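**Student:**
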Amino acid sequence: MQRSKWFAFVLGLSTLLAAQSAQAQLDNVKRVGGATTTGKFKSMSKDGVVIFANSLDNDVPANEIVSITYASEPADVRTAQLALRNGRFNDAKETLSEVVMDNLPRDEIKHEVAYALAVCDANLAMTGEVSVDDALKSMLGFVGAYRDSYHFYEACELLGDLSVRKGDFTNAKKYYGQLNSAPWADYRMKAGVLAGRAAQAQNDHAGAIRAFEYVLKQSSDTPEGKRATLAATLGKAVSLTESNPAQAATAIDVVQKVINDAAPEETDLHARAYNALGKCYLTTGNDQEALMAFLHVDVVFNSNPDEHAEALSNLATVWGKVGKADRAREAAAMLKEYYPNSKWAQR
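Per our numbering, residue 13 is the first one in the sequence shown, and the count goes up by one each step.
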């Protein structure tokens, strides 16, 4: 009896190990919502990837892909990808910089490493740790080398962001406009939001309002579509207030609703909303409420460098207005320490 039990245990363990070994030879696509598509990577395009599984070709749209883990992907590449997804761009870049591209076993993995390096440079350029020109060169190099990457639309968005950072609004419009060619309504809505923000950066609030209103006429039930609707609602309220300060009181109600409706994990949207709320309160002369709004960004929603820098810049002013000169100096010092190359630190 003992011998038969031992045999059954060994047989079960062997089956489990064989299954795990087979699984390790497959590619895994993590999708929005938590589902995973597992199989053999077959091809990619701007619009997605094809995974062969269960004797069928499975199309996975680019707007549903969170990440892809490839069979035979080196451990250091996986470590760097995790750091990248967690916003640790310096750590990711340091690890990836030691990867020898010619030693990577698959072209798909080389493609992911090239994109990850370009993403690191783009994000580090936003805080002044990498020059914008170098980041543009890196991302343009990626797009030129991998024209059919499923990262194409994300790359165009980052190229637009870098162009806005540089003050090159002509190219920003061109890059953001590429999202309009995507086959998904939520990406086209995002294109409108990005165009509106670029117009705001030029103080073209009439143009921004038109862009945001275009988004609000569209509809999409996807998380990205809902995010775009909230972002456009927020953007329009900001531009209306900038165009006519008398609209600030109305805008406060709109911004509060955006904050209430946004999911807690939408940290960038919350940061933008609380900064907008703070500016609206300043316009109405309510310094105390403005202070609380900017503190929300500093303490809770501080993962977006530009939004955090803006909040610190405003806190350096508002703390002084409410008689807290020491806190004002502290905010100003934090701004210069964390974001010395930010436009907000230059003001």
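Using N, Cα and C, we set each Cβ at its ideal position, and we do this for glycine too.
Treat the numbers as computed from the prediction; the structure is a model and nothing was measured.
What would DSSP say about residue 43, mapped onto helix, strand or coil?
**Tutor:** Taking the sequence shown and counting its residues from 1, the one referred to as residue 43 is at position 31. Strand at residue 43.
**Student:** DSSP three-state call for residue 180: helix, strand or coil?
**Tutor:** Reading the sequence shown from its first residue, position 168 is the one you call residue 180. Of the three classes helix, strand and coil, the one that applies to residue 180 here is coil, per DSSP.
**Student:** In three-state terms, what does DSSP make of residue 275?
**Tutor:** Position 263 of the sequence shown, counted from the start, is the residue given in the question as residue 275. In this structure, residue 275 counts as coil in the three-state DSSP scheme.
**Student:** Where do the N-terminal and C-terminal ends of the beta strand (DSSP E) with residue 73 fall, by residue?
**Tutor:** The sequence position of residue 73 within the sequence shown is 61, counting from 1. It spans 68-73 - the beta strand (DSSP E) in which residue 73 sits, taken as one unbroken run.
**Student:** In chain order, what residues of the same chain lie with their CB nearer than 6 Å to the CB of residue 236, ignoring the 5 residues before and after it?
**Tutor:** As a first step, residue 236 is located in the sequence shown; it is residue number 224 there, counting from the start. The residues are 198.
**Student:** Grouping DSSP H, G and I as helix and E and B as strand, with all else coil, what is residue 61?
**Tutor:** Counting from 1 along the sequence shown, the entry for residue 61 is found at position 49. Residue 61: strand per DSSP, three-state reduction.
**Student:** Please tell me whether residue 201 and residue 227 are closer than 8 Å, where the distance is taken between their beta carbons.
**Tutor:** The residue given as residue 201 occupies position 189 in the sequence shown. The residue given as residue 227 occupies position 215 in the sequence shown. For residue 201 and residue 227, yes; Cβs fall inside 8 Å.
**Student:** Output needed for residue 189: all residues of its chain with C-beta closer than 7 Å, excluding positions within five of it in sequence on either side, in chain order.
**Tutor:** Locating residue 189 in the sequence shown gives position 177, where the first residue counts as 1. Same-chain partners within the cutoff: 203.
**Student:** Is the separation between the beta-carbon of residue 39 and that of residue 107 shorter than 8 Å?
**Tutor:** As a position in the sequence shown, residue 39 is number 27, starting the count at 1. As a position in the sequence shown, residue 107 is number 95, starting the count at 1. Contact flag unset, no.
**Student:** Just to confirm, is the Cβ distance from residue 76 to residue 44 under 8 Å?
**Tutor:** Counted from its first residue, the sequence shown places residue 76 at position 64. Counted from its first residue, the sequence shown places residue 44 at position 32. Taking 8 Å as the Cβ cut-off, residue 76 and residue 44 qualify as a contacting pair.
**Student:** So, at 7 Å on beta carbons, what are the nonlocal neighbours of residue 163 in its own chain, with the 5 sequence-adjacent residues on each side left out?
**Tutor:** Here residue 163 refers to the residue found at position 151 of the sequence shown. If we look at residue 163 and ignore the five residues flanking it on each side, its Cβ neighbours are 127.
**Student:** When the Cα atoms are used, what is the spatial distance from residue 141 to residue 55?
**Tutor:** In the sequence shown, the residue the question calls residue 141 occupies position 129. In the sequence shown, the residue the question calls residue 55 occupies position 43. Answer to the nearest angstrom: the Cα atoms are 35 Å apart.
**Student:** Just to confirm, is the Cβ distance from residue 398 to residue 171 under 8 Å?
**Tutor:** For the chain, the structure presents residues 13 to 359; residue 398 sits outside this window and is missing.
**Student:** Roughly how far, in whole angstroms, is the beta-carbon of residue 284 from the beta-carbon of residue 319, given that I think they are within contact range, below 8 Å?
**Tutor:** For the purposes of this step, residue 284 is identified with residue 272 of the sequence shown, where counting begins at 1. For the purposes of this step, residue 319 is identified with residue 307 of the sequence shown, where counting begins at 1. Their Cβ separation, rounded to whole angstroms, is 6 Å, which keeps residue 284 and residue 319 in contact under 8 Å.
**Student:** Going by the CB atoms, is the gap between residue 242 and residue 274 shorter than 8 Å?
**Tutor:** Position 262 of the sequence shown, counted from the start, is the residue given in the question as residue 274. Position 230 of the sequence shown, counted from the start, is the residue given in the question as residue 242. Contact: yes.
**Student:** Figure out for me which residue from 115, 70, 134 has the closest Cα to the Cα of residue 100.
**Tutor:** Along the sequence shown, read from residue 1 onward, the residue named residue 100 stands at position 88. Looking at the Cα atoms, 134 is the closest of the given residues.
**Student:** Thinking C-beta only, is residue 332 closer than 8 Å to residue 345?
**Tutor:** The residue labelled residue 345 in the question sits at position 333 within the sequence shown. The residue labelled residue 332 in the question sits at position 320 within the sequence shown. The Cβ atoms of residue 345 and residue 332 lie no closer than 8 Å to each other.
**Student:** Quick check: the Cα distance between residue 223 and residue 208, rounded to an integer number of angstroms?
**Tutor:** In the sequence shown, residue 223 corresponds to position 211, counting from 1. In the sequence shown, residue 208 corresponds to position 196, counting from 1. Looking at the two C-alpha atoms, the distance is approximately 5 Å.
**Student:** Excluding five sequence neighbours on each side, which residues of the same chain lie with their C-beta closer than 7 Å to the C-beta of residue 137?
**Tutor:** Translated into the one-based positions of the sequence shown, residue 137 becomes position 125. Excluding sequence neighbours, residue 137 sits near 143, 144, 147, 174, 177.
**Student:** Residue 81 lies in the beta strand (DSSP E); which residues open and close that run?
**Tutor:** As a working mapping, residue 81 is identified with position 69 in the sequence shown. First-last of the beta strand (DSSP E) with residue 81: 77-81.
**Student:** Let me know the secondary structure DSSP gives residue 51 once reduced to three states.
**Tutor:** Here the question's residue 51 lines up with position 39 in the sequence shown. The answer is strand: DSSP assigns residue 51 an E or B state.
**Student:** Report the CB separation of residue 70 from residue 78 in whole angstroms; it is logged as a contact under 8 Å.
**Tutor:** In the sequence shown, residue 70 corresponds to position 58, counting from 1. In the sequence shown, residue 78 corresponds to position 66, counting from 1. Not a contact, Cβ separation roughly 16 Å.
**Student:** Should residue 334 be labelled buried (16 or more other beta-carbon atoms within 10 Å of its own) or exposed?
**Tutor:** Numbered from 1 along the sequence shown, position 322 holds the residue referred to as residue 334. Exposed: under 16 other Cβ atoms inside 10 Å.
**Student:** Could you tell me whether the Cβ atoms of residue 49 and residue 72 are closer together than 8 Å?
**Tutor:** The residue you call residue 49 lines up with position 37 of the sequence shown. The residue you call residue 72 lines up with position 60 of the sequence shown. Their beta carbons are under 8 Å apart, which means residue 49 touches residue 72 by this criterion.
**Student:** Just how far apart, CA to CA, sit residue 328 and residue 102?
**Tutor:** On the sequence shown, position 316 is the one that residue 328 refers to. On the sequence shown, position 90 is the one that residue 102 refers to. Rounded to the nearest angstrom, the two C-alpha atoms are 28 Å apart.
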